[in-house]
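For reference, the structure is listed below as structure tokens.
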Amino acid sequence: MQLKELSSGYGDVPIIKGLSLEVNSGSITALVGSNGAGKTTLMKTISGLLPVMDGEIFLDGEPISGTMPHRRVGLGLSLVPEGRLVFPEFSVEENLKIGAITPRAQPDRTARTEEMFELFPRLKERRDQAGGTLSGGEQQMLAIARGLMSAPRMLLLDEPSLGLAPNIAKFLFEMVVRVKESGVTIFIVEQDIKSTLEIADHGYVIENGQIVTEGLGSDLLVDEAIKTAYLGI
């Protein structure tokens, strides 16, 4: 996926301002920055929930800025939004099967459900439990697993560790690596800069809707300016 000189926002007010970046197939690419930098706005724009003001989004070299959100899902994009949005009255298994909305996912819905239970054993233990009764960490696992049910080529993760206990967040980051190893490209935006850059192949830092630096995740992790500004080191 490529974003070229992308601008978007709310009404006539741009939040993302001429932003360009690239997400290589098979990688974990991270976009990190402080609260209010524009991370969630960018995710909503990529998934089609916000219109593009200027610039273009390319998926496999094809422009998709004018494509409706459901069509983007069909093209292989799957957004796991901030806030762990699960269906509280439906069981864990029902929540998962709702995620298998694409034609290529429908025939293998049962098999994919079992794959998600292998990836997240805690969900298997609670397969008949209502989504609304799960803990915050379990709901985040469910949201990620549901996003994977559509058989995406690229998973968009918006602040997956937000509000989670450190040990649960650590587990989720480990699961993100396992998802990548299964062949799914990951684009993750996060405020937990250290944990995210530790798993990222490539990273971008965003401030005020613009990219201010980029590099290998391992390089950004030891960058003195980033350590001072974001890691408090």
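The sequence shown maps to residues -5 to 227 in our numbering. The C-beta atom is built at its ideal place from N, Cα and C for all residues, glycine as well.
Separation of residue j from residue i, as counted between CA atoms
i           : j           : result
residue 63  : residue 43  : 7 Å
residue 72  : residue 189 : 22 Å
residue 122 : residue 134 : 17 Å
residue 108 : residue 165 : 20 Å
residue 112 : residue 169 : 11 Å
residue 110 : residue 89  : 12 Å
residue -1  : residue 162 : 36 Å
residue 136 : residue 142 : 10 Å
residue 131 : residue 6   : 36 Å
residue 120 : residue 8   : 43 Å
Beta-carbon spacing of residue i, residue j below 8 Å
i           : j           : result
residue 2   : residue 45  : yes
residue 117 : residue 86  : yes
residue 225 : residue 193 : no
residue 66  : residue 41  : yes
Opening and closing residue of the alpha helix (DSSP H) in which residue i lies
i           : result
residue 219 : 218 to 223
residue 213 : 211 to 215
residue 173 : 160 to 175
Boundaries of the beta strand (DSSP E) in which residue i is found, first to last residue
i           : result
residue 24  : 22 to 26
residue 35  : Residue 35 -> not in any beta strand (DSSP E); alpha helix (DSSP H) instead, spanning 33 to 41.
residue 50  : 46 to 53
residue 3   : -4 to 4
residue 181 : 179 to 184
Is there contact here, the segment 17 to 30 with the segment 171 to 184, by at least three beta-carbon pairs under 8 Å?
Contact between the segment 17 to 30 and the segment 171 to 184 is present, because at least three Cβ pairs lie under 8 Å.
Is the segment 148 to 164 close to the segment 30 to 38, with three or more CB pairs under 8 Å?
Result yes; three or more Cβ-Cβ pairs closer than 8 Å.
Meets three-Cβ-pair contact criterion under 8 Å: the segment 214 to 226 and the segment 54 to 61:
no
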